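Before any comments, here is the structure.
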Amino acid sequence: MLSLAERLAFGWLVIVCLYYAQIGFVQMIRIIRQGAAAQRSDNLIRRFALALAIVGLQLPLFKIRPIVSIFHAFIFFGFSFYILVNVNDMLEAYIHGWTTLGRDSLLLGGFNLLADLFSIFVLVGMLFFLARRFLAKPKVLEFNDNVLLHPDVRQGGIRFDSLVVGVFILLHVGSRWLGTAFALAGEGISDPSLPTASIVAGFLVGASPEALELGRHICWWLAMGLIVVFLPYFPRSKHLHIMVAPVNLALNRRTPKGAMDSVADAANPGAKDITDLPWPQVLDAYACIMCTRCHEVCPAHESGTPLSPSALEINKRYMLRSGGVAADGIIDLPSLLEGAISEDAVWACTACYACVDVCPVGNEPLMDILAIRRRLVFDAAMPDELATVLKSVDEQGNSFGESARRRPNWTKSLDFEIKDAAKEPVEYLWFVGDFASFNESCQEVSRNVARVLQAAGVDFGILGKAEKTAGNDIRRVGEEGLFEALAEDNIKTLEGCDFKKIFTTDPHTFNALKNEYPALGGEYEVVHYSTLLLELLQSGQISITKPVEAKVTYHDPCYLGRYNGIYEAPREVMRLCGVDLVEMPRNREKSFCCGAGGGRIWMPDHEDMTQRPSENRIDEAVALGGVTYFTVACPKDMTMYSDAVKTSGHEADMAVRDIVDFVVQAMELPQGEALAANV
Amino acid sequence: MIIVVPLNLVPDLVEDLEVDGSGAALETDGLKFKLNEFDDHALEEALLIKDSDQAQVLALALDTENIDKVLFTALAKGADRAVKITGADAAASSRALGSVFAEAARQLDADLVLTGVQSVADLEGQLGPAVAAALQAPFIGVVTNITVAGAGVAVRKEYASGITADFEMDLPAVIGVQAARQTPRYAPVSKVRQIQDSATLEELSITPGAGGAQVSISAMAHPERGEGAKNAVGYRRTGAGA
Chain A
415 MLSLAERLAF GWLVIVCLYY AQIGFVQMIR IIRQGAAAQR SDNLIRRFAL
465 ALAIVGLQLP LFKIRPIVSI FHAFIFFGFS FYILVNVNDM LEAYIHGWTT
515 LGRDSLLLGG FNLLADLFSI FVLVGMLFFL ARRFLAKPKV LEFNDNVLLH
565 PDVRQGGIRF DSLVVGVFIL LHVGSRWLGT AFALAGEGIS DPSLPTASIV
615 AGFLVGASPE ALELGRHICW WLAMGLIVVF LPYFPRSKHL HIMVAPVNLA
665 LNRRTPKGAM DSVADAANPG AKDITDLPWP QVLDAYACIM CTRCHEVCPA
715 HESGTPLSPS ALEINKRYML RSGGVAADGI IDLPSLLEGA ISEDAVWACT
765 ACYACVDVCP VGNEPLMDIL AIRRRLVFDA AMPDELATVL KSVDEQGNSF
815 GESARRRPNW TKSLDFEIKD AAKEPVEYLW FVGDFASFNE SCQEVSRNVA
865 RVLQAAGVDF GILGKAEKTA GNDIRRVGEE GLFEALAEDN IKTLEGCDFK
915 KIFTTDPHTF NALKNEYPAL GGEYEVVHYS TLLLELLQSG QISITKPVEA
965 KVTYHDPCYL GRYNGIYEAP REVMRLCGVD LVEMPRNREK SFCCGAGGGR
1015 IWMPDHEDMT QRPSENRIDE AVALGGVTYF TVACPKDMTM YSDAVKTSGH
1065 EADMAVRDIV DFVVQAMELP QGEALAANV
Chain B
133 MIIVVPLNLV PDLVEDLEVD GSGAALETDG LKFKLNEFDD HALEEALLIK
183 DSDQAQVLAL ALDTENIDKV LFTALAKGAD RAVKITGADA AASSRALGSV
233 FAEAARQLDA DLVLTGVQSV ADLEGQLGPA VAAALQAPFI GVVTNITVAG
283 AGVAVRKEYA SGITADFEMD LPAVIGVQAA RQTPRYAPVS KVRQIQDSAT
333 LEELSITPGA GGAQVSISAM AHPERGEGAK NAVGYRRTGA GA
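Chains A and B, in that order, are what the protein sequence lines are. Quick note: the first sequence uses our numbering, first residue 415, plus one each step. Quick note: the second sequence uses our numbering, first residue 133, plus one each step.
Encoded structure:
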């Protein structure tokens, strides 16, 4: 179809553009290779096959924003099919007589129909996205005013990039679609396999053959030439995600979500500069499509603090593309704290994993934050309140600054003795944890757990003063050395004990023991008490005599749900106790963090905080209507929400209960005072 | 400038203190020791002087159980040397310890000795003055700020009701630190562990002098408990302390 001159010109254009595109891609790879080491080369075939499958089904998108995701799927499927369309158009341009138009072939007719319909899908999808960004301007695309942003982002860089990509897609697909209409009109072909292009062709009939031919050529150049011209822009553009996202998903972490990487360089732990991050986290910056889903689900951003995981990835991306990178790829950039995320934002993170879980391209902004914290703590730069807690954990083995001797004091008001697992063999070793031991509102829950297990005839014991905090959140504030010291002490203590399984009520403790102690030599079978209670209910060891009549809702703890995938056990326990369980909109993997995780419970609220995440959550529960109990399965949740119902003014509407409280009630066990007063 | 900071361990009040069978000493079983908080401030102030002016900071401590971690922690925070004094009795009186630390300071060529202004074991704050007396050096206590001024130091001392006074002192001098200019810095455990593997603690043997007249404890006791206050609304909280 193309003239010789056009063919030559296109050939040269391809060569020039590929040359410049190659420079950008090589640069990108050089930069990524400067990241710290990470092992991601196992099972490569399986990794990529899996990634392509989930991308092909668009699964990572549909976790939130279903409507937006449908329009994205329109564009995705259209664009994927357009690879075939582009190949065809090249053949049509270079091979004389090659055409799919007006051919009596089922295969080519099918191709035409899909090309025709997918063109419309892409155009509609793209118009939707442009209208969304430039007309509807949803709040979720905005950053809190206090978020650190790269100057280019401040000046509308994301909007500009979005506009360029949007117009490119409209022109590319629109021109191809229009070119088909010119071809149909020019050659006087009527082809029912091209329904929409035929409609446009109907309007073009009557134009001069020269005009139609010119239109066809212009459209071809706009469709095909534009792709080629766009190639060098790719490495700088958000559209890069179509190439990097599948790679990023394929090379994703395969270790348990709840296991942090150990420190690679003991003299320089964590991250100061972007190149201190493991290379997959440098790759994250290129994969980011700047959709801001991560900060939409982020409790820190939602509550008005300066943390946006999205801004972190975007800033990294803009830092890497705006100077500072020499031709040889050597990076001389501002540090992460100067360019990517502010220090107060680093401390605002609750380590709830929602940002990682929701990211459609497999990014891990949380891991960056935890790496930055590691370096900050190593340099002793942290909030004073946190330093005080760390000192007390180092000195006393708990975050309450209490004497280790007082750890088992909560058991004293029970009318039976709990075995000392440090001295005698038990089937279940109960690793109680700090909050369940020392916090007053959690102690009664601990006693209820003890009462239920005692009544069910379970052989269990505690470590008493020999137990130290498991260190889950100590690790997440960045105090790696202290975490290791705690783990070593606990592992040594556990070595001297005779038990079959460990259980705990605390999801944070559960996570550390289950996912992080093995790397330090402590391998145990660890269960959460919700699982244990369910087993006891199902086996009949716990018998329900008086089902609880109450309308309740349940909050999934981050470290039980998102991190460890335990969603049903606590729900099933509650149902077996007879309660009417209603779900909050944000349930299971979409659960909204109480705000205490990642060591936040030891730090004061950020001064910009508009509403505490825990109060936001209580509002969500109240909005369900008629829910009398807000149920938790985590000691930290018990303290956070007990406070939040009061501070949000809902104390009269709703009380906070632990799942075990229903079991005690349904078993008609003698209860402690607090609970009795409440029922 | 060489700054010597004596670091003392005191009973950790997070544990209940009990009187032992003799009736004149604390029950050591179950007693935990920690660094005197004021000494931590003295060390911090010394490190701040080092940060802003040229100074060498020496952490000094009597050789007792668990002291190594305290000295390694001081090194991790930035102290240049850590010295353990052997041959002295940590349970001796502040006055006796004052002579020991003074002798150590003399041998270490100290220009400045910073002690905590007091400790739970020395509420009257005698240690600093005792060191000064033995060194025949000037002493100022309840200090919150120390800066190098010419050949000496300028210090700010706190008085009652928030009044402060600025002094200049010639060296050598002894200062009792009430609070450092900033919260004592945190020593990351991994850094302390790294130091533990790479650094060594110096030792200095000091034989305490005969000393003059001494005091001795004849009896120790907890205060007698009164009936306590009654709650006006008649609500009696139960379970407390259970």
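A virtual CB, placed ideally from N, CA and C, is assigned to each residue, including glycine. As the structure is a computational prediction, the values presented were derived from the model and not from experiment.
State yes or no: is the beta carbon of residue i nearer than 8 Å to at least one beta carbon in chain A?
| i | result |
| --- | --- |
| residue 326/B | yes |
| residue 315/B | yes |
| residue 319/B | yes |
| residue 166/B | yes |
Mind listing the chain B neighbours of residue i? Cutoff is C-beta to C-beta under 8 Å, in chain order.
| i | result |
| --- | --- |
| residue 574/A | Those do not exist, as residue 574/A stays about 43 Å from chain B at its closest Cβ, beyond 8 Å. |
| residue 792/A | 320, 322 and 323 |
| residue 683/A | 322 |
Do you know how far the Cα of residue j is from the Cα of residue i?
| i | j | result |
| --- | --- | --- |
| residue 1010/A | residue 891/A | 12 Å |
| residue 1012/A | residue 237/B | 45 Å |
| residue 613/A | residue 998/A | 48 Å |
| residue 778/A | residue 731/A | 14 Å |
| residue 371/B | residue 958/A | For residue 371/B, the pLDDT reaches just 47, beneath the cut-off of 50, and the residue's location in the model is therefore unreliable, although a value from the coordinates is still provided. For residue 371/B and residue 958/A, the distance between alpha carbons rounds to 29 Å. |
| residue 646/A | residue 652/A | 13 Å |
| residue 562/A | residue 733/A | 13 Å |
| residue 1081/A | residue 863/A | 12 Å |
| residue 929/A | residue 941/A | 12 Å |
| residue 333/B | residue 815/A | 29 Å |
| residue 348/B | residue 263/B | 20 Å |
| residue 936/A | residue 878/A | 19 Å |
| residue 991/A | residue 828/A | 23 Å |
| residue 1093/A | residue 494/A | Low local confidence applies: a pLDDT of 45 at residue 1093/A is under 50, so the model's placement there is unreliable, with the coordinate-based value given in what follows. Cα-Cα distance, rounded: 59 Å. |
| residue 972/A | residue 889/A | 16 Å |
| residue 392/B | residue 1064/A | The structure shown does not extend to residue 392/B, since chain B is modelled only from 133 to 374, so the question has no answer here. |
Give me the chain A residues within the contact set of residue i, using Cβ-Cβ distance strictly less than 8 Å, ordered along the chain.
| i | result |
| --- | --- |
| residue 159/B | Simply none; closest approach about 13 Å. |
Find the residues of chain D that neighbour residue i, judging by a C-beta separation of less than 7 Å, and give them in chain order.
| i | result |
| --- | --- |
| residue 146/B | Among the chains of the structure shown, chain D does not appear; the protein chains present are A and B. |
List, in order along the chain, the chain B residues whose C-beta lies closer than 7 Å to that of residue i?
| i | result |
| --- | --- |
| residue 896/A | 321 |
| residue 893/A | 320 and 321 |
Does any CB atom of chain B fall closer than 8 Å to the CB of residue i?
| i | result |
| --- | --- |
| residue 799/A | no |
| residue 804/A | yes |
| residue 933/A | no |
| residue 504/A | no |
| residue 680/A | yes |
| residue 796/A | yes |
| residue 1084/A | no |
| residue 899/A | yes |
At a cut-off of 7 Å, is residue i close to the ligand NAP when judged by its beta-carbon and the heavy atoms of the ligand?
| i | result |
| --- | --- |
| residue 684/A | You won't find the ligand NAP in this model; it holds no ligand whatsoever. |
Inset, instruction - Please determine if the stretch 296 to 314 of chain B and the stretch 870 to 885 of chain A are in contact, where contact requires at least 3 C-beta pairs separated by less than 8 Å. - result: no
Inset, instruction - Pair every Cβ in the stretch 653 to 664 of chain A with every Cβ in the stretch 518 to 529 of chain A, then say whether three or more of these pairs are closer than 8 Å. - result: no
Legend entry - alpha helix (DSSP H) segments (min. 4 residues) lying fully within the stretch 750 to 803 of chain A: 750 to 753, 757 to 762, 768 to 772 and 779 to 792
Inset, instruction - Determine, using beta-carbon pairs with one atom in the stretch 550 to 558 of chain A and one in the stretch 714 to 721 of chain A, whether at least three such pairs fall under 8 Å. - result: yes
Legend entry - Residue ranges of each beta strand (DSSP E) within the stretch 1018 to 1080 of chain A, 3 or longer: 1043 to 1046 and 1069 to 1072
Legend entry - Touching by the beta-carbon criterion (3+ pairs, under 8 Å), the stretch 781 to 795 of chain A and the stretch 892 to 900 of chain A: yes
Legend entry - Inside the stretch 813 to 868 of chain A only - beta strand (DSSP E) runs reaching at least 3 residues: 842 to 844
Legend entry - Touching by the beta-carbon criterion (3+ pairs, under 8 Å), the stretch 1033 to 1053 of chain A and the stretch 499 to 519 of chain A: no
Inset, instruction - Answer yes if the stretch 1028 to 1039 of chain A comes into contact with the stretch 1054 to 1067 of chain A, meaning at least three C-beta pairs across the two stretches below 8 Å, and no otherwise. - result: yes
Legend entry - Three CB pairs or more closer than 8 Å across the stretch 454 to 469 of chain A and the stretch 434 to 443 of chain A: no
Legend entry - the stretch 477 to 497 of chain A touching the stretch 534 to 546 of chain A, judged by at least three CB pairs closer than 8 Å: yes
Legend entry - Segment contact, 8 Å Cβ cut-off, at least three pairs: the stretch 205 to 220 of chain B with the stretch 183 to 196 of chain B: yes
Legend entry - Contact the stretch 684 to 701 of chain A vs the stretch 772 to 787 of chain A: 3+ CB pairs below 8 Å: yes
Inset, instruction - Could you tell me whether the stretch 982 to 990 of chain A touches the stretch 942 to 962 of chain A, using the rule of 3 or more Cβ pairs below 8 Å? - result: yes
Inset, instruction - Check whether the stretch 421 to 431 of chain A touches the stretch 637 to 645 of chain A, counting contact only when three or more Cβ pairs, one atom from each stretch, lie closer than 8 Å. - result: yes
Inset, instruction - Report yes or no: do three or more beta-carbon pairs, one from the stretch 627 to 638 of chain A and one from the stretch 582 to 600 of chain A, lie closer than 8 Å? - result: yes
Legend entry - Given 8 Å, three or more beta-carbon pairs between the stretch 136 to 145 of chain B and the stretch 278 to 289 of chain B: no
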